[in-house]
Amino acid sequence: MDNKIYGEVSLTCPVCSAHFTTLLPAVPLIPSARRSDLKPLFEDNIDHFASLIQTCPVCMFAAWPCSFGHHSEAVDSLIERCTSRPGDRPLPVISSVENLTVRKLGSLHLNLLRLPGAASLSETGRRCLMAARCHDAAEEVSEARDADYFLRAYWAVSGRGNPFEENTFLVLAMERFQKLAADNMLQERERTRFLYLAGELARRHGDFVSAVDALSVLDEREFDLEAPPDDPEEIFLCEQASRMLSLAAVQSAVDAKVWDFSEALLSEAAEWLEQKAAGPEDDLDADEGSDEGEERRHDAGNAGSSALN
Ligand SMILES: [Zn+2]
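First residue of the sequence shown? That's 26 in the numbering used here, and the numbers climb one at a time after it.
1. Below 8 Å on the Cβ atoms is my guess for V118 versus S92; work out the distance and round it to an integer in Å.
2. Along the beta strand (DSSP E) that carries F67, what are the first and last residues, could you check?
3. Please report the straight-line C-alpha distance between E68 and V127, rounded to a whole angstrom.
4. Spatial neighbours of L133 within its chain, please: C-beta separation below 8 Å, excluding the five flanking residues on both sides.
5. Would you mind listing the beta strand (DSSP E) stretches within the stretch 262 to 287 that are 3+ residues and don't spill past its ends, in chain order?
6. If you draw a straight line from the alpha carbon of E190 to that of A143, how long is it in whole angstroms?
7. Return helix, strand or coil for L49, following the three-state DSSP convention.
8. Going by Cα to Cα distance, which pick from N70, R177, L63, L125 is closest to S42?
9. Return the chain-ordered ranges of every beta strand (DSSP E) run that is complete within the stretch 165 to 250 and spans a minimum of 3 residues.
10. Heavy atom of ligand 1 less than 7 Å from the Cβ of F233, yes or no?
11. Quick one: is the Cβ of C41 within less than 7 Å of any heavy atom of ligand 1?
12. Is the separation between the beta-carbon of S178 and that of Y221 shorter than 8 Å?
13. When the distance is taken between beta carbons, is V283 closer than 8 Å to R139?
14. In angstroms with no decimal places, state the Cα-to-Cα distance between I30 and P50.
15. Any idea if P115 is buried or exposed, counting beta-carbon neighbours within 10 angstroms, 16 or more meaning buried?
Written out as structure tokens, the structure reads:
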């Protein structure tokens with residue numbers, strides 16, 4: 026990693042009290058855009074956000090730096106910028122490690138290593154998986170939190186040359202968001218986000234039938250133009266769903282870039298609402314959503330993708 030961007034910091038494990046040093050961002054890093062699955066994108070194409078998860082080398086406790094008591098302006102601002110926009114959710118922080126012991130962490134880690142396919146996972150993938158397990162062991166299990174860990178794990182490993190791992194986490198995240206989206210008792214705001222991610226991850230996976238099903242629900246949502254929702258997230262996600270639906274309809278799994286939330290995006294969303302009110306468009310433009318990268322299907326490594334459930 027670039028020495029100028031990352032600096033050595035020492036952390037203390039809240040479970041076993043071991044001290045260790047690690048590299049964390051030392052200068053403010055700002056994502057310049059987002060991918061259509063809401064992954065923050067940085068100009069140097071490195072997922073700096075994913076590099077934040079830390080693992081204690083002694084007991085294998087894994088969590089975001091704040092769970093190790095670490096706060097710095099650079100890290101805090103990176104977290105803030107990557108978790109506070111429409112469609113994002115706050116970082117899951119382990120508030121108490123009372124339920125965690127070195128012995129328990131050891132057995133969690135051993136179980137993880139024994140999973141079929143675990144040997145093919147990168148260090149980053151294993152860290153994300155271990156962090157999700159630690160969180161579930163420390164606090165009441167939350168399916169929504171779990172889904173976000175897997176989504177972030179997928180972001181962290183995507184584009185790093187390991188299609189098996191990328192597909193594994195894509196499927197794990199997709200299945201979780203599909204299950205969450207099927208819950209009709211949810212508040213509309215949460216359901217909108219789950220539906221969007223369920224549909225968009227299915228599209229990236231090449232499961233276009235599921236993608237169209239989920240994204241259509243959002244595309245067809247009616248808004249009262251006289252009293253649009255105060256929270257821009259719903260409009261943003263419905264607008265994006267409409268764009269991604271055009272791609273899913275022509276069976277395209279391309280990466281699509283979304284410019285970060287801004288005034289321009291707000292006015293784009295307002296325009297989209299007006300167009301919607303004016304009536305359905307005749308043709309679907311497959312190129313909408315400024316394609317980035319080559320079309321990719323996630324065929325590689327389909328087998329075994331459910332092994333880490
Ligand atoms: Zn430890």
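Glycine residues also receive a C-beta, built at the ideal position from the N, C-alpha and C atoms.
Quick answer:
1. About 6 Å; that satisfies the 8 Å criterion.
2. Segment: none, F67 is in no beta strand (DSSP E) and carries neither H nor E.
3. 39 Å
4. Taken in chain order, the residues that qualify are M85, M155, R158, C159, A162.
5. Runs of the beta strand (DSSP E) spanning 3 or more residues and lying entirely within the stretch 262 to 287 occur at 280 to 284, in chain order.
6. 9 Å
7. strand
8. L125
9. none
10. no
11. Yes, ligand 1 has a heavy atom inside 7 Å of this Cβ.
12. The displayed chain sequence assigns Ala, not Ser, to residue 178. Contact flag unset, no.
13. no
14. One C-alpha to the other measures close to 6 Å.
15. exposed
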